[in-house]
Every structure is written in C-alpha cells, then in structure tokens.
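Participant: Dumping the structure here so I can ask a few things about it.
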Amino acid sequence: MGGVKGVLTGLLMGRLGYLGLVRSPHYQTLANGNRIKLQIILPQRGLIVDRIGLELANNTTNYCLTLTLEQVSNLEETLRRIDQFISLSPKSIETLQTEIKQTPKFKPFILKNNLNWDEVCKVQVNRPELNGINVEMGYKRHYPLAFEFAHLIGFVQAPSDHDDVSEELANLPDYRIGRTGLEQQYECRLQGKAGYREIEVNAHRRVVRHLRKIESTPGSILHLSLNAELQKAAFQRLSEEKSGAAVVMNIKTGEVLSCISTPSFDSNLFVNGIGHEDWNTLNNSLYTPLTNKAIQGVYPPGSIFKLVVALAALETGKISPSRESFCKGFVDVGTHRFHCVHRTGHGRVDMVRALQMSCDTYFYELAPLIGIDCIADMAFKMGLGEKTGVELPNEKKGLVATRSWKKMKLNQAWTIGDTINASIGQGAMLSTPLQMTMLMARVLTGTAVIPTLLYQNNRDAVHFRGLSLNPGNLEVLKKGMDACVNDPWGSAYASRIEEPLHKIGGKTATSQVRRISKFERQTRVLKNEEIEWKRRDHSIFAGYAPIHAPLYATCVLVEHGGGGGRTATPIARDILWAVQKEQKT
Amino acid sequence: MGCSKGAKNLIRFPFSSFQKLRQVNGWIIGILTLIASIGFVVLYSAAGGNFSPWTEKQMIRFLAGLVVLIAIAVIDLRVWLTQSYILYIVSLVMLFAVEIAGRIGMGAQRWIDLYVFNIQPSELIKITLLMALGRYFHEMTLEDIRKLRYLIVPALMTIVPALLVMRQPDLGTAILLLFAGGTIFFVAGIRLWKVMLICVASLSAIPLLWHFMYDYQKERIFTFLDPERDRLGAGYNILQANIALGSGGFLGKGFRSGSQSHLNFLPEKQTDFIFATYCEEFGVLGGVVLLFLYICLIIYGYRVALASRSSYGRLLAMGLTTLLFLYVFINMAMVMRLVPVVGIPLPLVSYGGTAMLTVMMGIGLLMSIAIHRDVRIGRAGTFL
Numbered sequence: 001m002g003g004v005k006g007v008l009t010g011l012l013m014g015r016l017g018y019l020g021l022v023r024s025p026h027y028q029t030l031a032n033g034n035r036i037k038l039q040i041i042l043p044q045r046g047l048i049v050d051r052i053g054l055e056l057a058n059n060t061t062n063y064c065l066t067l068t069l070e071q072v073s074n075l076e077e078t079l080r081r082i083d084q085f086i087s088l089s090p091k092s093i094e095t096l097q098t099e100i101k102q103t104p105k106f107k108p109f110i111l112k113n114n115l116n117w118d119e120v121c122k123v124q125v126n127r128p129e130l131n132g133i134n135v136e137m138g139y140k141r142h143y144p145l146a147f148e149f150a151h152l153i154g155f156v157q158a159p160s161d162h163d164d165v166s167e168e169l170a171n172l173p174d175y176r177i178g179r180t181g182l183e184q185q186y187e188c189r190l191q192g193k194a195g196y197r198e199i200e201v202n203a204h205r206r207v208v209r210h211l212r213k214i215e216s217t218p219g220s221i222l223h224l225s226l227n228a229e230l231q232k233a234a235f236q237r238l239s240e241e242k243s244g245a246a247v248v249m250n251i252k253t254g255e256v257l258s259c260i261s262t263p264s265f266d267s268n269l270f271v272n273g274i275g276h277e278d279w280n281t282l283n284n285s286l287y288t289p290l291t292n293k294a295i296q297g298v299y300p301p302g303s304i305f306k307l308v309v310a311l312a313a314l315e316t317g318k319i320s321p322s323r324e325s326f327c328k329g330f331v332d333v334g335t336h337r338f339h340c341v342h343r344t345g346h347g348r349v350d351m352v353r354a355l356q357m358s359c360d361t362y363f364y365e366l367a368p369l370i371g372i373d374c375i376a377d378m379a380f381k382m383g384l385g386e387k388t389g390v391e392l393p394n395e396k397k398g399l400v401a402t403r404s405w406k407k408m409k410l411n412q413a414w415t416i417g418d419t420i421n422a423s424i425g426q427g428a429m430l431s432t433p434l435q436m437t438m439l440m441a442r443v444l445t446g447t448a449v450i451p452t453l454l455y456q457n458n459r460d461a462v463h464f465r466g467l468s469l470n471p472g473n474l475e476v477l478k479k480g481m482d483a484c485v486n487d488p489w490g491s492a493y494a495s496r497i498e499e500p501l502h503k504i505g506g507k508t509a510t511s512q513v514r515r516i517s518k519f520e521r522q523t524r525v526l527k528n529e530e531i532e533w534k535r536r537d538h539s540i541f542a543g544y545a546p547i548h549a550p551l552y553a554t555c556v557l558v559e560h561g562g563g564g565g566r567t568a569t570p571i572a573r574d575i576l577w578a579v580q581k582e583q584k585t
Numbered sequence: 586m587g588c589s590k591g592a593k594n595l596i597r598f599p600f601s602s603f604q605k606l607r608q609v610n611g612w613i614i615g616i617l618t619l620i621a622s623i624g625f626v627v628l629y630s631a632a633g634g635n636f637s638p639w640t641e642k643q644m645i646r647f648l649a650g651l652v653v654l655i656a657i658a659v660i661d662l663r664v665w666l667t668q669s670y671i672l673y674i675v676s677l678v679m680l681f682a683v684e685i686a687g688r689i690g691m692g693a694q695r696w697i698d699l700y701v702f703n704i705q706p707s708e709l710i711k712i713t714l715l716m717a718l719g720r721y722f723h724e725m726t727l728e729d730i731r732k733l734r735y736l737i738v739p740a741l742m743t744i745v746p747a748l749l750v751m752r753q754p755d756l757g758t759a760i761l762l763l764f765a766g767g768t769i770f771f772v773a774g775i776r777l778w779k780v781m782l783i784c785v786a787s788l789s790a791i792p793l794l795w796h797f798m799y800d801y802q803k804e805r806i807f808t809f810l811d812p813e814r815d816r817l818g819a820g821y822n823i824l825q826a827n828i829a830l831g832s833g834g835f836l837g838k839g840f841r842s843g844s845q846s847h848l849n850f851l852p853e854k855q856t857d858f859i860f861a862t863y864c865e866e867f868g869v870l871g872g873v874v875l876l877f878l879y880i881c882l883i884i885y886g887y888r889v890a891l892a893s894r895s896s897y898g899r900l901l902a903m904g905l906t907t908l909l910f911l912y913v914f915i916n917m918a919m920v921m922r923l924v925p926v927v928g929i930p931l932p933l934v935s936y937g938g939t940a941m942l943t944v945m946m947g948i949g950l951l952m953s954i955a956i957h958r959d960v961r962i963g964r965a966g967t968f969l
C-alpha cells in the first residue's frame, strides 16, 4: 500500500521536475507568447517625385471616426448624436449597433473613414459629450496627377490571397502593396521598414501595459526623371485622339521625360478597392485604358523601320547613299506586286529622298540586296526585339522577324517576299513606342542608349556603350529625317517648326493593321475614315529636336489614327516644342 | 488482522475530554496550518494582491474547519463506530435526495448551505463510506472475509454511491470512492487474487463506465490524450496549466508575478488548477515543499493506522490516508497532465469549503483514532 503511494509520489516529483526544470524554457516561451503581443506600426510609404521634386505619389492623412464600446454609456444615444453632424449612412444606426456589439468592448470600431477637416473639427468640439468617440489618424496613398501618371506609377492595393504577405500584415486595414507600375517595381524600396509595439495583453486581449516601441522607418523617396509639366501638356495634347502613346527622352542620359498612354484612368480609384462597375468599364473599354501602350503596346514600326534598313545597308559598305531607284509605284517580285505608298510613284529617289518622302519602292529594292540577316542584326543592335530594360514591370519585347524565328514559329522557309515586307517594318515586325524612341536616340548618338525613369544625379557620368557605327552613315539618316520635316516634299512638312533654334526632324510611319486585298487595289483602296476604327492604320512619328544639336527624341503613336504625317506628327511637333520650352535641365 | 478476541483484561479508557484535548497532535495542526497558509498566499496573489474575495473567506473556513477537526478528534472512537452505519445511510439518502431533486429540476442545487460551508452529500459520503466499510470488516472474522458472499454487501455499499455521484456528474468523487473503498477491502485482508479479480472486473467495466459517462467527461479523456487537439476549447485549460507550471522554472516567477494567472490565461486558477498558479510563482521548489507537507500528513496517517489496536481504527485510518493521498495525487497529476482532468481540488489549498471540510473531518477522525489508539473494541462495538 505504502509502496504504491511511494511510487506514485515519485511519479509526481519526476513530472514536476520534468515540467518545471527540463521543459521550463519551452513553457516560458509559450507563457511570453501568451502575454506579449506585437502590434505592427506601418511605415509611411516612400514618396514618388518628378525631376524637380513635385510629388506624384504621396500619403494623405486619413482621419477615421472610431467608437470604443466600453467607454460609451448609452450606445444608441451616442450614435444618434454623432449622426446629427456627421452622416453615418449608408449604414443605419440599428445595423451599426449590432456590428459594434459583435466587436470586443475595448477595441475601437471604425464608424467612418476619410473624414474631412470640417467633420474632424465638429467631433473635437463636441468631444465632452461624446465619450468613447475618437478620431484616429492613418495614411492613405494619393496620386495628385492620377490620370497623367496612372500607367507609370501604377497604384497600391490591399493584398489579396495570392500575394506572399504575412498574415499579420494582411490583416492590417491600412496595409497596401504596389500592384502595377513603379509602385510594384520598387515595392521594397518604397515600403520602408515596419516598426512595432510590444504590448502585454491579458486573456481577453485587453492591453495591460506597453512594454516597448520600435519606430517604423519610412520608405525612401523615388526621384524620377519625368517632368510633370511636360507630362501634363503631352497628356492633354494626346488625349485629343482616342488612343495612343507618347515617349520623350533625353538622348544623352536616357532619361525619360514624359511617357504617356491614353486613354488613362484614375489610379486613386484602386487604392481603397475599385468598384465593380468602374472596373468593368475600364476593363471592357475598346481603347484599353489599363494597358501602358508605351511599353506594352506592340505595333508594326512601319516606315520607322526604314531607318534600320537604310543604316544596315550603309554599314555593309556596299551601298552608297547616292544609289538611286526609280519608283513607279510598285515592284513586282515573282507573281506578287508590292505597292508603294505613292500610287503613281516617286520617280528617281536616292536614300535621303526615300526617307524624306517615305518611298517604299526604294526599300523594296534595297532590302534583297543586303538580306534579312543583315537587317535583323541591325534591328537587334538598335534595341528592337528585346526589352529595353526600363524600370517597369511587364514590358513587351516586340518582335524582329528572322529566318530562325519563322522556321521555329511557322515552320516555313524565309522568302524574298518576307524580306520585302520587313523592309518597310511590316510583316511580323512589332515594336513598342518606347523601343522606337530608343531607336531614334541610338540613331542620333550612335551609342546604345538605354531609357531610364530615374533621375540621373550625375549626368556627366552617364555613358553608353558605342555601337561602332560610321558617323557619316548616321549623318545620312539625319539628313533624311531633316528633309522629311523641313523639305516641302517631306512627308511631315506640314508639321515643321520654323523657329531656327527649335527645328525638328523625324520620320513618319503609317503602320498597316489590315492587308489590302487585290480586289480592293483594283477598285479603290478604302480611306481610313471609311473602315471601322479597329482596322484603321496606326499613325506613328518618331523624331527629335533641335535639329542642329539633337537632345530630345520622341515617338508619338496614335492607335488607328490614319496617316503618320497627318495625326501623329502634329502631336509630336507640339510635344517637342513643349519639351524645348519647358525643359531647362 | 482482526482484533484479539481472546483479550481478557478490560481496559477502561482513561482520559477525560480535557485530557484528550491535550493529546491533539500539535505538529499535525501546524502542518495543516502551513498547507492552508500556502493556499492563503496563492489566493491573495491570484486576487491581484487582495484579501477579498478569496483569502478572507478561506481563512474563516480553515478556522471553522479546525474547530470541527478538534471536535471530531475528541469524540470517542466507539461512538464513531456505532454511528457508522447510520451516518452512511443518512448521507446516502441525502445523495439520493439531491439526485432526485436535481432530476426533477427543483433547483439543481447539490448542496446544503451551512453559511460557512456548503455540505455536499457527495463529500460526506466519502467519509461515511469508509466508516461503514470499516465497521463491516471490523465485525467480521478473517475466515468470513475469505468467503466471497460476504463481500457482496460491502461491494454494493461502495458501488451504489459511486454510480450515484457519477450521474451527478462527478467523476472525481466516484473515483475517490472506488479507490478509497477498495483500499479498505485490501487492508481488511482479502486475498490478493480476489483483488486481482476486482481489478479485472473493473477493467471489464470500463465500457459500462464509458456508457455512464457524459459527453463532456469523454471529451476530457480525449483531451487528456491529446490536448493540442483543441487548443482553444477543451484542451485550453490543461495546456495553459502546463504553461503556467512549466514557465515557473525552479524558483518561480515570484510572489504576485505569475503572468499566466494574473492575466487570466489560466482558468480555474484559484480552484482546481491552483497548483499551477502556485508553481508559476514559487517554482518547482515550492511544489516540492508543498508535496513534502502532504507526505508528512500521509506518514502520520500510516503511523496512526499502525498504532491503533482496534481493527476499526486501522481500517478507517488506512482508508482516510488513502483518501487524502488520492486527493493530492489526482489533483497534482491532473494539473501536470499525468491523468485526465477530473474535478478534484487540492485539499486545503484550493478555494472552496466542501473539500476543506471533508479533509478536516478526515484528519479529525485520524486524530480520534490516534487518541483512542489503545482502546480495544469488540466486534459489536462493545468495550473489551
């Protein structure tokens, strides 16, 4: 009897020792985990500013009205009193009451978000008779130039289930992550470092005391190369057309001064969660407002590509710029007839005149002489067919059609017809407006310019790799582009700038979306106005200014805008005018 | 075993009531006071450094309990012997009464309010069962005990109240009754194989017992086997108790510094789980000291049993000692997750009057046996 009890007592002793000595550290951890909770203090998201420091994304204070049930003596009366000067609708006082009673007594319940200053004052004035009512301050992301910068800066959103975010953060009502654009690209830099409060709580989660506080570190400022004024002006000008994109770049530093995609949208709508209706409108629009057409829209470069073909030909050393072709309006290759833009032909043209008048026949003849491989090599050299590497997510890389590409994709051999189509930037060729701007910058500088959205503090240190091109050949292209705008026979003559210091040069393009059938050729080629918007030609102009010392390159693309000279070029002229006037540094 | 029936010389018990009072063991009163004081300290701490609501009431109860203890101790053991059956029957009837009252729904009150104490029939029966069994075996010769049919009556005497309290539902008391009653069978001299038989029988009764159990009792056993199964529900108590006890370490977190109890993570911190509250603040060392004090009481119980010349005294002392041991063991083992959670308080330390009264009455009887250790008692309770 006593023996049994002795053994059992020994068991108790052993267990007590095991729990209290051997396992003690483990249980101490658990006990602290019980009583010490961490409250995350969200950092302020880093500002995004333009090149002169103008705020493009900032944090506005969000005043929200809270109610702490345990401090309220009469809930219904308090709610009615608040409702007299701050409308609590759409929720009725009855539904609010039931919701409040479901939250813990000591936890502040959010009655209303986004109080304006007037309402904050009213609450503060009436404070003595409103026990348990508080105004708490939080931060909300705000985009002052929402439409102009929606695509570049993107927006923040509350994390969804797919995001790799810890549960503690995801549960915070104010927590946002960058969803698109620079907000997504520089998420880590902008996010900052969260601080926390260590608090002691009891079993009912009521805070008993504060143990310590580690302040949060705000996210760092993102200083962009963009010029907000130019962006506004360009956006306004381009918005006159239905849909398009424009890029302006400093060719010496690669800094993008303006980058626009129209139509745009209000990025502030997304911050607090966009409504179903708004979302559907944006998502189903024919003009794809949610796409950043400057980097995600891919278009046949059209006649812009002639710069590549011309340069490739000159660089072989076998083709002289003075080589002439006779344009009679078309070229027959085998059984197929390739038409020039000018139906009756341009007559005798050399390279400069071919660029100036955008004669297709010249390039139809030139391209087979040098071959597609030579053209494709030059296109890659100029940065086409590859991502430019600009600091934005989801950039498209376009396409440079090559023999191997056609073999792989279509399992067909390359034909002479493909080379001829490629020579005028049609066929399978695709590029983004940003790529075309970069092409322009590379042609002008002869170096491998790479675009950037970040402000370059030390502009003298910016140095791009040389492309080992003959400067004389580049001069020929510039001459062509000068003539294109400033020669009365040039395709963009109507949009020239006459002021000598601000003259512009460039190349127009009308990139075809549809194939013109033989039947249509025989009867009458339909005018753009006569066909539906989706099938009209894209209007493109890539140009630069000033002509005597090129500094800015631009590409304006108007989706389905018709002839390049007519739609895109006037816009480009206005933008280049604006950048020369506006841009001082 | 059995008493010396051939004793010739009739010894009159020599002491007056006053002299008996002087025989009350001061050491034991001291140990009881020490144990109760540990309880006062823990209750004071658990109330956040207040005498109310627990400590002051508990002190009054302890003092009242001491009076009861001494009163019982000085009453002649033969009186207790002769009244054993009556007391047993009265408490059994009360048990039935509260069971029926509870079933009819006329107030689910299972106790009788005596201002300081609430008397629960289920508490009383723990003592009276032992007394009745003691008397039954006292009146029996060793030969009789070896006959199986003589065991039917005491077995029924044990099982009937055990089943009744289990329906209350009070699994803890049922276990105490079965084990403490079983001890008397064993000490009375039943052959070992019969004890084994009882063990086998009770093992085979487990399915029956399971059938009698309420869902929450079954849940407790599931929870015991795996408390992580339901961290915030049924397993919460025992996990938090383990955390409290384990986090105390060797020396504890210090008086009034137990986070588990003060921040209310530990449920039942002042009643069934008070051992965890205590160990959180006073550590393993404190736990060992308390256990040592209880061991002193138990050793005292054994010494009383061995010193008693009457069969009744020996049997009852063994039964009461086992009862005390079971209280302590089951409570501590349940807090430390060695056995499933059953509602058994830590004697003298846990807040509450009923268990305190039971233990004080039991120790009082032990003392009565000690004071009257030299009295020889005949089979019919007559003086020899």
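Keeping their order, the protein sequence lines are chains C and B.
Note that this note's numbering numbers the first sequence so that position 145 is 145, with each residue one more than the last.
Position in the second sequence (from 1) plus 585 gives the number in this note's numbering.
Beta carbons are placed, not taken as given, at the ideal position from N, Cα and C, and that holds for glycine.
Just so we're clear, the structure is a prediction, and the values are computed from it rather than from any experiment.
1. Under 8 Å between beta-carbons, which chain C residues line up against residue 864/B? List them in chain order, please.
2. For the 8 Å Cβ check, are there 3 or more pairs between the region 45-63 of chain C and the region 129-145 of chain C?
3. Give the straight-line distance between the Cα atoms of residue 328/C and residue 347/C, rounded to the nearest whole angstrom.
4. Looking at chain B, is there any beta carbon in it that lies within less than 7 Å of the beta carbon of residue 212/C?
5. What separation, rounded to the nearest whole angstrom, lies between the Cα atoms of residue 628/B and residue 930/B?
6. How many angstroms separate the CA atom of residue 250/C from the CA atom of residue 308/C?
7. Quick one: grab the DSSP three-state call for residue 387/C.
8. Should residue 869/B be flagged as near chain C, meaning a C-beta pair shorter than 7 Å?
9. Report yes if the CB atom of residue 322/C is closer than 7 Å to the CB atom of residue 363/C, and no otherwise.
10. Within the continuous beta strand (DSSP E) that includes residue 336/C, where are the two ends?
11. Figure out for me which residue from 669/B, 959/B and 955/B has the closest Cα to the Cα of residue 608/B.
12. If you draw a straight line from the alpha carbon of residue 879/B to that of residue 911/B, how long is it in whole angstroms?
13. Within 7 Å of any Cβ in chain B, is that where the Cβ of residue 397/C sits?
14. Which runs of the beta strand (DSSP E) spanning at least 3 residues fall entirely within the region 308-388 of chain C, listed in chain order?
15. Given that a residue counts as buried once 16 or more other Cβ atoms are within 10 Å of its Cβ, and exposed if not, what is residue 957/B?
16. Which chain C residues sit within Cβ distance under 7 Å of residue 910/B?
17. Using a Cβ cut-off of 7 Å, pull out every chain C residue sitting near residue 887/B, in sequence order please.
18. Which runs of the alpha helix (DSSP H) at least 4 residues long sit entirely within the region 427-496 of chain C? Give them in chain order.
19. Compare the C-alpha of residue 861/B against each of 917/B, 747/B and 907/B and name the closest.
20. Terminal residues of the continuous beta strand (DSSP E) containing residue 202/C?
21. Could you list which residues in chain B have their beta carbon closer than 8 Å to that of residue 28/C, in chain order?
22. In this structure, does DSSP put residue 563/C in helix, strand or coil?
23. Checking 7 Å against the spacing of the C-beta atoms, do residue 766/B and residue 709/B come in under that value?
24. Return the residue from the list 403/C, 351/C and 30/C that minimises the CA-CA distance to residue 826/B.
25. What are the boundary residues of the beta strand (DSSP E) that residue 531/C is part of?
26. State the DSSP-derived secondary structure class of residue 44/C, mapped to helix, strand or coil.
27. Assign residue 595/B to one of two classes, buried (16 or more other C-beta atoms within 10 Å of its C-beta) or exposed (fewer than that).
28. Quick check on residue 109/C: does DSSP put it in helix, strand or coil?
29. Do residue 330/C and residue 150/C have their C-beta atoms closer together than 7 Å?
30. Which of the three DSSP states is assigned to residue 683/B in this structure?
31. Kindly say whether residue 35/C, judged by its beta-carbon, lies nearer than 7 Å to any beta-carbon of chain B.
32. Beta strand (DSSP E) containing residue 847/B: first to last residue?
33. For residue 196/C, list the residues DSSP reports as bridge partners.
34. How is residue 963/B classed by DSSP in three states: helix, strand or coil?
35. Express the C-alpha separation of residue 544/C and residue 550/C in angstroms, rounding to a whole number.
36. From the DSSP output, read off the bridge partner residues of residue 140/C.
Facilitator: Taking the coordinates as given:
1. 16 and 20
2. yes
3. 6 Å
4. no
5. For residue 628/B and residue 930/B, the gap between their C-alpha atoms comes out near 14 Å.
6. 21 Å
7. In this structure, residue 387/C counts as coil in the three-state DSSP scheme.
8. yes
9. no
10. 336-339
11. Nearest Cα to residue 608/B within the set 669/B, 959/B and 955/B: 955/B.
12. 11 Å
13. no
14. Qualifying beta strand (DSSP E) stretches, in chain order: 325-327, 330-333, 336-339 and 347-349.
15. Residue 957/B should be labelled buried.
16. 5
17. 2
18. 433-445 and 471-486
19. 917/B
20. Neither: residue 202/C is in no beta strand (DSSP E) and is coded neither H nor E.
21. 831, 832 and 834
22. coil
23. Against a cut-off of 7 Å, the Cβ pair of residue 709/B and residue 766/B comes out as no contact.
24. 30/C
25. Run containing residue 531/C: none; DSSP gives neither H nor E here.
26. coil
27. Here the model assigns residue 595/B a pLDDT of 42, short of 50, so the residue's position is not dependable, and the following value carries that caveat. Looking at its Cβ environment, which holds fewer than 16 other Cβ atoms inside 10 Å, residue 595/B is exposed.
28. When secondary structure is reduced to three states using DSSP, residue 109/C falls in the strand class.
29. no
30. helix
31. Output row for residue 35/C: interface = yes.
32. From DSSP, residue 847/B is part of no beta strand (DSSP E) but of the alpha helix (DSSP H) over 844-847.
33. 40/C and 214/C
34. coil
35. About 6 Å.
36. 60/C
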